[in-house]
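When we follow the numbering used here, the leftmost residue of the sequence shown carries the number 44, and every step to the right adds one. Ideal placement from N, C-alpha and C gives every residue a C-beta, glycine not left out. Note that the structure is a prediction, hence the values are computed from the model and not measured. Data block below; observations after.
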Amino acid sequence: MSMTSAQIREAFLSYFAERGHQRVPSASLIPGNDPTLLFTNAGMVPFKDVFLGDEKRDYNRATSSQRCLRAGGKHNDLENVGYTARHHTFFEMLGNFSFGDYFKREAIQYAWEFLTGVLQLPKEKLWVTVFTEDDEAYAIWANEIGVPEDRISRIGEKDNFWAMGDTGPCGPCSEIFYDHGEEVWGGPPGTPEEDGDRYIEIWNLVFMQYNRQADGTLEPLPKPSVDTGMGLERIAAVLQHVHSNYEIDLFQALIKAAAQIIGTEDLNSKSLRVIADHIRSCSFLIADGVQPSNEGRGYVLRRIIRRAVRHGNMLGAQGTFFHKLVPALLEQMGVAYPELVDKEKIIADALLREEEQFGKTLERGLAILQDALDELHGTVIPGDVVFKLYDTYGFPVDLTADIAREKELTIDVEGFDKEMAAQRKRAQQASQFGVDYNERLKSSQQSEFTGYTDVAGRSKIIELFAD
Ligand code: ATP
Ligand code: MG
Ligand code: MG
Ligand code: MG
């Protein structure tokens, strides 16, 4: 069976609607009234208060196709884009939810029936995991569904205890993997080779049971609930018989459009995949009200746009190109997301402005970096170079780190932090002498600080490299 992304989305939503789930439209990428979270990073986010028992709805089962962003905060896949076949910054998560209604058994039965019945995936291609201690889920998979035990693994907290963020709803989970076949490198879940592209996690069933408090303790939720998430692009790859998300209909269209606009022929280039990924996250962020800036969400957006611009530059793009991809994106996603169509001009204008601004310093910054690389002894780009690129040429630190990674180098984060602290100190001292440039210093200080802090004010610099 081969299905388009739109057909899969519809099949999923109608399967669950027929089973008593309320269809709920995708919410914004900006979580409403939740300062603990940078972006909507999963389908459950709009339902957080329902899980916690703080909000009542007139339904206790729901289904949605939620737009998600994972480029900051607890779930950050920015560094994976271009490197794995399965990660995007922006993706759609198909989900079914039970708010104190059904629990493990039905969640597992529904998922299995949808995959093997509706989508007709061969059973022997599916592998499952459960949380180490979850004998109940293990028994359902083994005895009721009949998955052979050599395809069920028990996995620890890192992968099989899902949490929205540092606080909030969480619980043990059970993940379903698809085996893309032996021609693809990688090992089954729980093995050291798991991170290859052969066994791909397609669906996560979370058995929501706790609310994690700020001190780390787990408080039971009012009622055990279910939250599931299946990446639309990953299941589309399976159903379209391709081994990478970037080979599905939607991404191929974006990649071809980008290649044409930039004037490059190699459709397999990593840079085209990155650009195709980034046009989605940037456009949707702008449509949801974010503008490039030096702080919080706006800085995440700025960082993603600048990465895209740098990849365009690598492909030899002459002048601005990124904003020209908006029509191709609308062609792919405008029907499912009319709000994107409404905001077309706002999106293209914001992208163009940012491209123009960064375009002015990019070439010069790259030349400075090249000089530093020519003189480099060892494999670490010094902190003062990283700082100069950041401060004078507008290179976000993660962008410099990304360039470094391509050359199998790293950057001196500690050295960068020291430069940053020194500059802050200079600014403070200067402000004690003259009132003249107080104001100017204040605003530049603000942008330094917030440039790499999240909305909760924690330093993000570590996290950029942790994920
Ligand atoms: P992985 O281990 O592959 O990084 P995950 O365990 O972090 O995935 P979950 O938090 O369980 O992912 O999210 C539920 C589902 O959403 C996943 O099973 C996958 O299908 C999809 N998904 C997660 N992250 C991404 C991403 N960055 N891009 C595309 N799809 C994703
Ligand atoms: Mg992940
Ligand atoms: Mg996982
Ligand atoms: Mg998972």
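Going straight from the alpha carbon of residue i to that of residue j, what length do you get?
i	j	result
Ile-305	Ala-410	21 Å
Phe-16	Thr-271	For the chain, the structure presents residues 44 to 510; residue 16 sits outside this window and is missing.
Gly-233	Lys-147	22 Å
Leu-405	Arg-340	22 Å
Glu-308	Gly-408	27 Å
Val-88	Glu-382	20 Å
Ala-180	Met-273	18 Å
Ile-291	Thr-47	8 Å
Ala-281	Tyr-221	Rather than Ala, the amino acid found at residue 281 in this sequence is Val. Taking the straight line from one Cα to the other gives about 8 Å.
Asp-479	Arg-467	Because the pLDDT of Asp-479 is 43, which lies under 50, any placement of that residue in the model is unreliable, and the question is left without a value.
Thr-106	Phe-59	6 Å
Val-456	Gly-426	6 Å
Glu-187	Glu-167	16 Å
Glu-200	Asp-209	14 Å
Pro-231	Ala-128	16 Å
Asp-417	Glu-399	28 Å
Under 7 Å, do residue i and residue j count as touching if we go by C-beta distance?
i	j	result
Ile-195	Trp-205	no
Leu-81	Gly-138	no
Leu-297	Ala-319	yes
Val-423	Tyr-433	no
Glu-218	Asn-254	no
Ile-454	Ala-465	no
Arg-110	Leu-72	yes
Ser-312	Thr-132	no
Ile-390	Ile-322	no
Phe-401	Arg-346	no
Cys-216	Val-249	yes
Is it buried or exposed, residue i, if we count other Cβ atoms within 10 angstroms and call 16 or more buried?
i	result
Gly-259	exposed
Met-44	exposed
Tyr-436	buried
Trp-170	buried
Asn-76	exposed
Asn-481	Because Asn-481 sits at a pLDDT of 38, beneath the cut-off of 50, its placement in the model cannot be relied upon, and the following sentence gives the value as read from the coordinates. Per the 10 Å Cβ criterion, exposed.
Gln-489	Residue placement at Gln-489 cannot be trusted, given a pLDDT of 36 that sits under 50; what the coordinates show is reported in the next sentence. Exposed, because fewer than 16 other Cβ atoms sit within 10 Å of the Cβ of Gln-489.
Ile-505	Low local confidence applies: a pLDDT of 34 at Ile-505 is under 50, so the model's placement there is unreliable, with the coordinate-based value given in what follows. So Ile-505 counts as exposed.
Ala-351	buried
Leu-412	buried
Tyr-153	buried
Gly-189	exposed
Arg-100	exposed
Val-384	exposed
Measuring CA to CA, which of the options is closest to residue i?
i	options	result
Pro-263	Met-251, Ala-257 and Pro-231	Met-251
His-354	Glu-451, Val-317, Pro-370 and Ile-198	Val-317
Glu-53	Val-378, Lys-403 and Asp-392	Val-378
Gly-362	Glu-397, Glu-200 and Val-93	Glu-397
Asp-445	Pro-370, Asn-123 and Gly-230	Asn-123
Gly-63	Ser-69, Gln-50 and Asn-103	Asn-103
Gly-86	Asp-101, Cys-216, Gly-96 and Ser-108	Ser-108
Val-227	Tyr-242, Leu-368 and Ile-347	Tyr-242
Asn-288	Leu-95, Phe-134 and Ala-473	Phe-134
Glu-449	Gly-229, Ile-151, Glu-387 and Gly-125	Gly-125
Give a single yes or no on whether residue i has its beta carbon closer than 6 Å to a heavy atom of ligand 3.
i	result
Glu-244	yes
Asp-120	no
Asp-77	no
Asp-202	yes
Flag residue i as yes when its Cβ comes closer than 6 Å to any non-hydrogen atom of ligand 1, and as no otherwise.
i	result
Asn-247	yes
Phe-59	no
Met-136	yes
Gly-272	yes
His-321	no
Using a threshold of 6 Å, is the CB atom of residue i nearer than that to any non-hydrogen atom of ligand 4?
i	result
Glu-218	yes
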